[in-house]
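Okay, structure first, notes after.
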Amino acid sequence: MWSLVFLCAQKVVSDHASTCRSLEFIPKELYPVLFKASFLGRKTLVLQDLVKRWPFPVLNLQKLLQSCKHCDCLPMKEKVSKLCVQAVILGVLAYLHQALEGEDRKRQLRVLNMVGLQDNNPEQGPETMSLWSQTVTLSKACVDMSRRYGEGANPSSKRRKGAHSTLAPGCPVYVEVHMDFFVNSASSTILREALQVNSSCPLRLRCRDFRAEELSIRSTLSLLELLSPTSVRQVDLRFNNLGLPGLNVLLPYLTKFTSLLSLKLPYNNVDVRRLSVEMEAGLQNFSTQIARLQSLKELNLGSSRLSGRLRQLLGGLQKPLESLELAFCYLLPSDLTFLCQSFHASSLKKLDLSGNNLCEPLLHPFQLLLKEASANLLHLDIMECKLMDSHLGALLPMLGRCTRLRYLGVFCNPISTRGLKTLLQSTLPLSELRLVIYPYPVDCYSESLPWPTSSSSFLDSSFDPQKLLRVHAELQQLLVQAQRTNVTWSTDMYQHKTLDYLSL
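Structure below.
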């Protein structure tokens, strides 16, 4: 539903020329609804003018675009327009240019908050702005601003006489951009240049979540050293092939981030199964460094071979983790036994054990872990865990205790149509459950499907699409009959966004 105020705002922003002429006469209380109407309607020129005249100290995009009394739609869940994001950035730059040239010193804007605006969905199209592009765009803008207005910059001959065109130390004219960084080898140089001039530039970048992919140790360190110690909440270093020695070099630099809640280190070529004496010392050092991260609540060690070493890795933590991702970590029964006996179990809100063989002998300790985690668990991922109907049946009593569960991932497990129906019926009492990612049932595959099956067999073997459609229809009918149409059951693990711990 849209309010009369929002409908009027849409009308106002429909014509750029008239809107531009009237902005100085519009009460500042109407700027937020005009901004929202412009953003949703992709009125980029109006957006730019609104930002250039923004009458408040903070412009928070996520807050401005959320559901409100004037408009109950949720545009932040949709793909955000690249042109609109660019218009906001251009508006901030125009505001700074005017203020620094002495043309307008009445405005109050000090913070542009863009955190949470973009995700890393691989399906993003040309009309959206990826987090990588956002990082590069703002880095280039910061460098350009510094060259033009930074300390020691040459005044332009086109500037008005008497205007203070050089940004002196302590000058109050600046805008701080709160954002998330996504950097790789192609963008690390420009981001580094931007961070090096950050403190003296009128456009200042402040990182909340830092993600680096396929980056060398040297490049990663040079960027981490330039980030603010108090603003970083997450560090995500993936596909960097750092190994245990490389991670031991990086971890000491993370202790300066006093607000670090989340550390993600997947796909970093860590294998602790056959260690030399020297590598044993390296593993102990890694455990010691992890334990020094006093605020840590989320840890992702996905695709590391950690067989039998979880007690050593996590035993030194002084505070319990609330999110633990151990996908494809070759876990042993002793690892799950440690987890279910540790203080982490009862605090877990998110648990990802995908890719680990949770059949015997891991099934029993996994049952115990679910029992201990049931009070707080919101997100459970057990994809590609070789679970068949009989294993699933053994887990259902423990799943039934997870009364707060919102997400369940069981994709790529050899479960039959009958097993899926049993799972659906058993999870109906879970009132907060909203998304289940289920596998193609084994009876929808051709007779050539090898048995016992494997994850690769699921991906490589052909299935009957008509059978799959019938199964999906049957599951939907069961949900309708149970009046649980608020739960989505899907085989598409990419279309539906899973829960992020920091958003819970």
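Start counting the sequence shown at 1; every next residue gets the next number (the UniProt record's numbering).
Idealized CB from N, CA, C, for every residue including glycine.
Fair warning: this is a prediction, and the values are worked out from it, not measured in the lab.
Query raised in the report: What's the gap between the Cα of P169 and the Cα of Q312?
Result: Any answer about P169 is weak, because its pLDDT of 45 lies below 50 and its placement is not dependable; what the coordinates show is given next. If I take the Cα positions, the gap works out to 49 Å.
Report task. Could you tell me the distance, in whole angstroms, from the CA atom of D443 to the CA atom of M388? Result -> 12 Å
Check your understanding: Using CA coordinates, which residue listed in Y330, C412, N376 and K421 is at the minimum distance from L396?
Key -> Nearest C-alpha to L396: K421.
Over the uninterrupted beta strand (DSSP E) stretch that includes H178, give me the two end residues.
V175 to V183
Q) Counting pairs of beta carbons, one from the stretch 317-334 and one from the stretch 293-303, are three or more of them closer than 8 Å? A) yes
Taking only runs that begin and end inside the stretch 417-502, name each unbroken beta strand (DSSP E) of 3 or more residues, in chain order. Runs found: 435-437 and 488-490.
Could you tell me whether the stretch 268-286 touches the stretch 216-230, where touching means 3 or more Cβ pairs closer than 8 Å?
no
Next on the checklist: Assuming V241 and E213 are in contact, meaning their beta carbons sit under 8 Å apart, how far apart are those beta carbons, in whole angstroms?
Outcome noted: Position check: residue 241 holds Asn in this sequence, whereas Val was assumed. Not confirmed; about 11 Å, so no contact.
field: First and last residue of the uninterrupted alpha helix (DSSP H) at N269
entry: First-last for N269: undefined, no H or E at that position.
* To do: Let me know the alpha helix (DSSP H) ranges lying completely inside the stretch 216-240, each 4 residues or longer, listed in chain order.
  => 217-224
Check whether the Cβ atoms of L244 and G282 lie closer than 8 Å to each other.
Contact flag set, yes.
- Query: If you follow the alpha helix (DSSP H) that H364 is part of, which residue opens it and which one closes it?
  - Reply: L363 to A373
Report task. Would you mind giving the Cβ-Cβ distance between N486 and R434, rounded to the nearest angstrom? I have them listed as a contact below 8 Å. Result -> 7 Å
Practice prompt. Report the option in E24, K69 and V88 whose CA atom is closest to the CA atom of T44.
Written response: V88
Specify, as a first and last residue, the run of the beta strand (DSSP E) that N198 falls within.
Note, N198: premise wrong, no beta strand (DSSP E); not H, not E.
Inset, instruction - Pick out the complete alpha helix (DSSP H) segments inside the stretch 25-51, 4 residues or longer, and give them in chain order. - result: 31-40
- Query: Ends of the beta strand (DSSP E) at A212?
  - Reply: L203 to E213
Measuring alpha carbon to alpha carbon, tell me which residue in L251, P202, L250 and Q196 is nearest S228. Q196
What residue range does the alpha helix (DSSP H) around E280 cover?
V277 to A291
**Q.** the stretch 355-369 in contact with the stretch 468-480 per 3-pair CB rule at 8 Å
**A.** In short, these stretches do not touch, since the Cβ pair count stays below three.
If you follow the alpha helix (DSSP H) that L96 is in, where does it begin and where does it stop? K82 to L100
S18 to A37, Cα distance in whole Å?
In a straight line, the C-alpha of S18 is about 16 Å away from that of A37.
* On the three-state DSSP scale, how would you describe S347? -> helix
Would you kindly report the start and end of the unbroken alpha helix (DSSP H) that includes S334?
Boundaries of the alpha helix (DSSP H) harbouring S334: P333 to Q341, taken from the DSSP string.
task = Could you check if L469 is buried or exposed, using at least 16 other CB atoms within 10 Å of its CB as the buried criterion?
result = exposed
When burial is assigned at 16 or more other CB atoms within 10 Å of the CB, is T15 buried or exposed?
According to the sequence provided, residue 15 is Asp. The question's Thr does not apply to it. So D15 ends up on the exposed side.
Would you list, in sequence order, the uninterrupted alpha helix (DSSP H) runs of no fewer than 4 residues that lie entirely inside the stretch 289-319? 310-314
What does a CB cutoff of less than 8 Å around T491 pick up in its chain, not counting 5 residues either side in sequence?
F411, I437, Y438, P439, Y440, L468 and H472
Review point. With burial defined as no fewer than 16 other Cβ atoms inside 10 Å of the residue's Cβ, what is the status of Y95: buried or exposed?
Key: buried
Q. Below 8 Å between beta carbons: does that hold for Q289 and P252?
A. Yes, the Cβ-Cβ distance between Q289 and P252 is below 8 Å.
Original post:
In whole angstroms, what separates the C-alpha of residue 505 from that of A375?
Top reply: Nothing in the structure corresponds to residue 505, since the chain is present only between 1 and 504.
DSSP beta-bridge partners of T128: S81
Report task. Identify, in the order they occur along the chain, each residue of the same chain with its Cβ nearer than 7 Å to the Cβ of N154, setting aside the five sequence neighbours on each side. Result -> Per-residue confidence for N154 stands at a pLDDT of 47, beneath the threshold of 50, marking its modelled position as unreliable; the derived number appears in the next sentence. Same-chain partners within the cutoff: there are none.
Exercise. Considering only C-alpha positions, which residue in the set I190, L191, F286 and E298 is nearest to Y501?
Worked result: E298
Problem - Check whether S139 and S200 have beta carbons under 8 Å apart - result: no
Applying the 10 Å Cβ sphere with the 16-neighbour rule, what's the burial state of K82?
By the neighbour-count rule (16 or more Cβ atoms within 10 Å), K82 is buried.
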